[in-house]
Amino acid sequence: SQLFLPKSRSAPPVVFHYFPIIGSAITYGMDPYTFFFDCKEKYGDVFTFVLLGRKITVALGPKGSNLIFNGKLSEVCAEDVYNPVITPVFGKDAVYDVPNAVFMEQKRFVKSGLTSDNLRVYVGQIVDETEQFLKNDPKFAGFKSGKSAPVDIFKAMCELTILTASRTLQGEEVRQNLDKSFAGLYHDLDGGFTPLNFIMPGLPLPANFKRDRAQRKMAQFYSEIVAKRRAAGSAEGAEPSQHHDMIATLMEQKYKNGRPLTDTEISTIMIALLMAGQHTSSATGSWALLRLGSKPELIQEIYDEQVRVYGEPDGSLRPLDYETSKSSLPVLDAVIRETLRMHPPLHSLMRRVLQDIPVPPTLSANTRGTGLRQKEGETLIIPKGHNVLAAPGVSAIDPTYWPDADQFLPSRWLEGGILKSEEKNGGAKSEATKGAATSNETVDYGWGAVSTGANSPYLPFGAGRHRCIGEQFAYLQLGTIIATIVRNFDWKIDGGDGKIGKTPEPDYTSMVVLPKLPCDLLMTKRETA
Ligand code: HEM
């Protein structure tokens, strides 16, 4: 298509590669961030690379993210890219298997369930699950006060994430079955949630047959819960639900045309929430605990904050509660925020280009690296048929925007921390947003007002119509789990000879960015716990 573009228009520079179809698959796949920074140096903020026969155009920086996240529906489409891997896992009639307008209504249903009333209940439930886990799980159960032992923290966070999500969002029936049938189904379903299915969807792999079987059974499991609750509800005479979970919310919702959700829609949305929240939160929690283990003085700061906010005169700590945790724990909050700056779970967010997209001059002006072919005055066009890729994680660690960008410094988010005057932006230098549209306008996609400007160098939850709706829940879940662990344990990464070890390197080969194994923390039970 490049050949037929008028002379004044040009396509983005193409990343040099030796093998036609494979393209940059290996360098991108092994370490996307090194690949993106190298390409940015050579080609600028907008460039195209070949990934197994497909042309992917990357748009970096806050303006690049803005172009993609706030692209018009007529220009960019998420479902064309995500459907092949997502729909066989989540199921039919929701999310990417329906027109975007319907999905936007479904996001509204979920948001309407995340009320303060429900979140308040969740804090207590998450504390309870975490306390039980620390008491009974074999990884923690043997600890005596003051004694230390290594714990595989990645495994622990995976288990804690699904335990707490099922107790809260998923509901008691899922939680009760977690140790039984549900765990096996989850395992098989998750086995089909792989990057390979993005690249080559529909391969007749044994894992995909297992996935399909697990999807059917899990959908049936949710339908049975809905049927039982309906029967119980009608027996009691249509009382408002006593459940605080998302199944209860979805059973009460109606589309704009007055139609309630079908059982299939409910099960697909419930599986979507399960999968969307599990990998992102367990990865973020693991990174947070590992980063803290490489700077144990921060663990002490979190503990001191707990004492300051929840301490009783007799030295005990009151239980965590929603109101306080929402507004009064800035250190804990800053640790999660900084973890998401350095380790956002999703490194590449994609859309299919439905019609040629002109790149705004302020963005294309940055596409003049050493490998440049674009001429002055030409309009840069991202051609129809390409995929576009946003990688907000690049600007989140770019030294142009952040002082000490490679350092884990939660204090950058605190008042009085580095670059205090810009604390809201985590110390991001003001050049970050210079020249970018600075409007505070919002747009409502049907599920809540979202800021139109994706101009921040920090967007771990995305932006625009596909922005995350789980952010609030994720902060609540991670904050409560981390605080509960801090109340009971101290820890460090064991570097041998009494030294502190390094945080593990990232592994980019699965659906989210995980810490490379081993992820052991040397944990010590607090004398007071
Ligand atoms: C979308 C990140 C937790 C549900 C997204 C997107 C990002 C993201 C970057 C945008 C995807 C895109 O533009 O293609 C995260 C992170 C999390 C997290 C970093 C935790 C640390 C959760 C949780 C839930 C959830 C706990 C559910 C309870 C969703 C949903 C979408 C979404 C429904 C919308 C997808 C769309 O509209 O296409 N998330 N997420 N996320 N997330 Fe999250």
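Oh and the sequence shown: position 112 is 152 in UniProt numbering, straight run, nothing missing. Backbone N, C-alpha and C define an ideal beta-carbon position, used for all residues, glycine too.
Taking the beta carbon of residue i as the centre, do at least 16 other beta carbons fall within 10 Å, making it buried, or is it exposed?
i	result
isoleucine 339	buried
methionine 240	exposed
proline 178	exposed
glycine 536	exposed
serine 550	exposed
residue 36	There is simply no residue 36 to check, as the chain begins at 41 and stops at 569 in what is shown.
histidine 227	exposed
lysine 95	buried
serine 221	exposed
lysine 460	With a pLDDT of only 35 at lysine 460, under the threshold of 50, the placement of this residue in the model should not be trusted; the figure read from the coordinates follows. The residue is exposed, with fewer than 16 neighbouring Cβ atoms inside 10 Å.
glutamate 81	exposed
lysine 474	Reliability of the predicted coordinates at lysine 474 is poor, the pLDDT of 36 falling under 50, and no value is obtained from them.
leucine 243	exposed
serine 470	Low confidence applies here, because serine 470 scores a pLDDT of 47, under 50, leaving its location unreliable; read the following figure in that light. Looking at its Cβ environment, which holds fewer than 16 other Cβ atoms inside 10 Å, serine 470 is exposed.
glycine 355	exposed
glycine 433	buried
glutamate 363	exposed
tyrosine 162	buried
valine 483	exposed
Is residue i near ligand 1, going by C-beta to nearest heavy atom under 8 Å?
i	result
threonine 74	no
lysine 220	no
lysine 509	The amino acid at residue 509 is misidentified as lysine; the sequence shows isoleucine. Isoleucine 509: yes, Cβ under 8 Å from ligand 1.
glutamine 517	yes
lysine 147	yes
histidine 284	no
serine 321	yes
tyrosine 441	no
glycine 502	yes
proline 385	yes
residue 611	Because the chain here runs from 41 to 569, residue 611 falls outside it and cannot be looked at.
leucine 449	no
histidine 426	no
phenylalanine 513	yes
phenylalanine 143	yes
methionine 390	yes
glycine 317	yes
leucine 369	no
alanine 374	no
arginine 377	no
tyrosine 122	yes
threonine 324	yes
alanine 99	no
Quick one, which of the options has its alpha-carbon nearest residue i's?
i	options	result
asparagine 427	Phe238, Gly536 and Arg348	Phe238
residue 20	Val347, Ile521, Cys508 and Pro190	Summary: the structure shown does not reach residue 20, with the chain confined to residues 41 through 569, and so no result is reported for it.
valine 393	Asn110, Lys103 and Phe76	Asn110
alanine 323	Asn158, Glu341, Asp547 and Ile422	Asp547
threonine 304	Gln260, Met70 and Cys117	Gln260
lysine 294	Val150, Pro370 and Leu369	Val150
arginine 381	Pro443, Asp252, Asp85 and Asn158	Pro443
threonine 208	Ser326, Asp228 and Asp285	Asp285
asparagine 248	Ser263, Met258 and Asp230	Asp230
lysine 187	Gly273, Cys117, Ser496 and Phe529	Phe529
leucine 499	Val86, Gln216, Thr170 and Gly104	Gly104
histidine 387	Pro235, Leu562 and Asn158	Pro235
isoleucine 309	Ile126, Ile61 and Ala328	Ile126
arginine 253	Gly224, Glu567, Gly519 and Gly273	Gly224
serine 321	Val214, Gly519 and Thr407	Gly519
glutamine 395	Gln447, Ile422 and His383	Ile422
arginine 566	Leu357, Leu203, Val399 and Ser185	Ser185
proline 384	Ile61, Asn495, Val399 and Phe501	Phe501
arginine 160	Thr74, Lys366 and Tyr350	Lys366
Please tell me whether residue i and residue j are closer than 9 Å, where the distance is taken between their beta carbons.
i	j	result
alanine 436	methionine 390	no
valine 90	alanine 51	no
lysine 147	glycine 486	yes
proline 336	lysine 539	no
glutamine 210	isoleucine 287	yes
isoleucine 397	valine 135	no
glutamine 517	threonine 201	yes
serine 334	glycine 541	yes
arginine 331	threonine 379	yes
leucine 562	alanine 189	yes
alanine 99	valine 399	yes
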